[in-house]
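Okay, so here's the structure we're looking at.
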Amino acid sequence: MKKTILLVEDDLLLRKGLKTMIEMRGGFSIEADTGSGKEALRLFGMVHPDIVLLDLRLPDIPGTEVLRQLKQAAPKVPVILLTICEENELLFQALALGANAYVLKGAGPEELFLGIHYSLKNEVFISPKLAKIIVDDYLLVNQHRKSLPPLHNLTAREKQIVRLIIDGKKSKEIADILFISIKTVNKHRSNILVKLGIHNLSELRQRKLYVLDTIIDESQKKKLKN
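Heads up: the sequence shown begins at 1021 in this note's numbering, then just goes up one per residue.
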């Protein structure tokens, strides 16, 4: 029996190409297709597909929001993401929302079908090119762990400010977000420099992955202790 697919891709030519390629492969049937996130959610409730192929870049609502709602409605239905994006943060966000596979557009049909194959087995598949980027970033994080003092010396407020700094926020923006004065923000910034033994906060931005990884890791440890 053929597996039914809901295809969500805003590029009409690419959508037609994917549709033809998938149906020629055999074993699959495109039950419905659209280029709209809102329409995708409506069609999903109507056709009840076995698999969803979802473009992350949609014209009306973000693909991650469509993914969130799909997984909320039917957690066991595999969702394979189609994207040109090679950003780790978006990849991790999608995986956290329950994506089963992350396939780069233009990677070739075999990669797409591998993603479908593993998703149907309830296993995660990531394009090899992306997997390499993840490994490279992991190695970079470990390198920065050795070159930058641990962040556990910072207070909770200082860690908040560090996260805002690496997000590119200026002192006034940080002050507004945390409801404190600019003077207090600047004092915290100075303390952060001293505690970490660095000359300027641009070094923190360069080590964004390390900083986020460390802060998240520490927060998880606290949860486990509680």
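Glycine residues also receive a C-beta, built at the ideal position from the N, C-alpha and C atoms.
What beta strand (DSSP E) runs, 3 residues minimum, are completely inside the segment 1092-1122? Every unbroken stretch of the beta strand (DSSP E) spanning 3 or more residues and falling wholly within the segment 1092-1122 is given here in chain order: 1099-1103.
How about the segment 1141-1154 and the segment 1041-1048: do they share at least three Cβ pairs that are nearer than 8 Å? The segment 1141-1154 vs the segment 1041-1048: no contact.
What number of angstroms, rounded off, separates the C-alpha of Lys1207 from the C-alpha of Arg1177? Going from the Cα of Lys1207 to the Cα of Arg1177 covers about 12 Å.
When His1137, Asp1030 and Ile1104 are compared against Asp1124, the one with the closest alpha-carbon: Looking at the sequence provided, one finds Leu at residue 1124 rather than Asp. It is Ile1104 whose Cα lies nearest to the Cα of Leu1124.
Going by CA-CA distance only, name the one from Ala1093, Gly1065, Lys1022 and Leu1101 that's closest to Ala1078. Strictly speaking, residue 1078 in this sequence is Leu, with Ala absent from that position. The residue with the shortest Cα to Cα distance from Leu1078 is Leu1101.
Which residue's Cα is closest to the Cα of Val1099: Gly1128, Asp1080, Ile1081 and His1137? Distances from the alpha-carbon of Val1099 to those of Gly1128, Asp1080, Ile1081 and His1137 put His1137 closest.
Closest by C-alpha distance to Leu1034, when choosing among Arg1062, Gly1065, Asp1075 and Pro1069: When only C-alpha atoms are compared, the closest one is Asp1075.
In whole angstroms, what is the alpha-carbon distance linking Asp1030 and Ile1081? Asp1030 and Ile1081 have their C-alpha atoms some 11 Å from each other.
How far does the alpha helix (DSSP H) with Leu1198 in it reach, from first residue to last? Unbroken alpha helix (DSSP H) run through Leu1198: Ser1191 to Leu1198.
Identify every run of the alpha helix (DSSP H) within the segment 1045-1091, keeping only runs that are complete inside it and at least 4 residues long; order them along the chain. 1057-1067, all fully within the segment 1045-1091.
Got a sec? Which residues, its chain only, sit under 7 Å from Leu1032 by beta carbon, not counting five neighbours each side? If we look at Leu1032 and ignore the five residues flanking it on each side, its Cβ neighbours are Gly1055.
Can you tell me whether Ala1116 is buried or exposed, with buried defined as 16 or more other CB within 10 angstroms of its CB? By the neighbour-count rule (16 or more Cβ atoms within 10 Å), Ala1116 is not buried but exposed.
Which of the three DSSP states, helix, strand or coil, is assigned to Thr1040? Helix, per DSSP.
In three-state DSSP terms, what is Leu1213? In this structure, Leu1213 counts as helix in the three-state DSSP scheme.
Proximal residues to Val1086 (C-beta, below 8 Å), its chain only, five neighbours per side dropped: Same-chain partners within the cutoff: Val1028, Gly1057, Ala1060, Leu1061, Leu1074 and Leu1078.
Quick one: Cα of Val1122 to Cα of Lys1022, how far? It is Tyr, not Val, that sits at residue 1122 in the sequence shown. Each residue's Cα considered, the two are about 22 Å apart.
Distance check for Asn1220 and Ser1191, CA to CA, integer angstroms please. CA-to-CA, the gap between Ser1191 and Asn1220 works out to about 14 Å.
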